[in-house]
Amino acid sequence: MEPLGPIYARAISRTDAFRRFQRALGDATLHLNTVAVGLEAIASDLSAAQKAAKALNIGWRPPAGAKKAAKSASVVEPLAKPISLPTEGTKLRDLTARSKVFVLRAVLVAACDCLDTYVAELVKTPWLKIDASTADICTKAVTKPGKIAWSLAERYTALCTALQIPSMEGRCAIVALGSRWRNALVHAEGAKFDLDSSDRQTLTSNADGLCKAGFIVTQALERFKNGSDPTLKDVTTIVSYSQELCAAIDRCAIARVMSQSSEVERFLLERLKIHFKSRGRVDDFWGIHRDQEWDMEKCAKVRPAERTERASERI
């Protein structure tokens, strides 16, 4: 997507909330694919896996027998439907398959937590001037009629509406699918693999536009409906579209308030004041302790010629 707003507003590339979101989830797809490749390598070469375990100084070995493998499975797989494993696979491949499912669940949970944190932090950012009613929805300070909490996807939809961001319905519906999948997997007892009909309809009608890297949304919906675990492709796609959604929100939120160059300058000055609020920060910036730069009253009394001389010293 192209950056929004006047060109001088692009001096502010992202909010603190989005910076933290990216730090937590930015390379999730790369890390997930690395884990998948590593697990496949383990399943393909037992001796190499044992050497790696020895080098890492960790206790690891493939399951010794079918009973032990079954017992392990009951601990790892208490949620959703039993995992379907290849009948021709070895016990080691069964173990790596279950390990992969464990990692995918963990990433899906982490992604939803990051989405929840981002939207709450963003609307509480004072200089973005998000209206109070939208902020209350996004922070869950208020509920829907009947004291029903706003879902994660509903909060993102409300924020997109307030910021007037077009064509985000599909990505908000992806967030709905990811969060519902996460909830069903985490809440083992009474887990419900259901999705609002409106979200399902949105995903189905936007299937052609939600086909990143071979992802087929109708197949993902079917897996969810059947209570199956998400595949690697499902999780990486949910994460990727969630990142795109947050990036679009961040750009629009910034551009909306930074409509004049004077506003950008005012914002940057405020940020500099915050950054240099301690004497240590000022000393670190200059690389030396300078009383004149710290004491603004003394600095104001310095003659212009002396200022020029000091400036040349810094250079």
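Just so we're aligned, residue 6 is where the sequence shown starts under this note's numbering, counting upward by one. Quick reminder that beta carbons are idealized off the backbone N, C-alpha and C, glycines included.
Item: Delimiting residues of the alpha helix (DSSP H) encompassing Phe198; Value: From DSSP, Phe198 is part of no alpha helix (DSSP H); its letter is neither H nor E.
Item: Selected residue, minimal CA-CA separation from Ala115, among Ser52, Ser210 and Trp186; Value: Trp186
Item: Short Cβ contact (9 angstroms threshold) for Thr34 with Ser245; Value: yes
Item: Assumed close pair Gly183, Ile135 - CB separation to whole angstroms, cut-off 8 angstroms; Value: Going by Cβ atoms, the distance from Gly183 to Ile135 rounds to 23 angstroms, so no, they are not a contact pair.
Item: For Lys149: DSSP bridge partner residues; Value: Ile153
Item: Nearest-angstrom beta carbon gap, Cys257 and Ile170 [assumed within contact, 8 angstroms]; Value: 5 angstroms
Item: Between the CA atoms of Tyr123 and Arg25 - distance to the nearest angstrom; Value: 8 angstroms
Item: Close Cβ partners of Arg127 (< 8 angstroms) along its chain, the five nearest in sequence each way excluded; Value: With the sequence shown as reference, residue 127 is identified as Leu, and Arg is not the correct amino acid for it. If we look at Leu127 and ignore the five residues flanking it on each side, its Cβ neighbours are Thr20, Ala22, Phe23, Leu133, Ile135, Cys143, Leu164, Ile254, Asp255 and Ala258.
Item: Pairwise C-alpha distance: Gln55 and Arg46; Value: For the sequence presented, residue 46 should be read as Ala rather than Arg. If you take the alpha carbons of Ala46 and Gln55, they lie about 12 angstroms apart.
Item: CB of Asn231 within 9 angstroms of CB of Phe272, strictly; Value: no
Item: Contacting residues, own chain, Cβ-Cβ under 7 angstroms from Leu157 (five flanking each side not counted); Value: Cys117, Leu120, Asp121, Val180 and Ser184
Item: Beta-carbon gap between Val191 and Lys105 smaller than 9 angstroms; Value: no
Item: Reduced DSSP secondary structure (H/G/I, E/B, other) of Phe272; Value: helix
Item: N- and C-terminal bounds of the alpha helix (DSSP H) containing Lys105; Value: Lys96 to Val128
Item: Nearest candidate by alpha-carbon position, reference Gln206, set His280, Arg276, Glu174 and Gly43; Value: Glu174
Item: Best match in Lys145, Thr236 and Phe220 for proximity to Phe107 [C-alpha to C-alpha]; Value: Thr236
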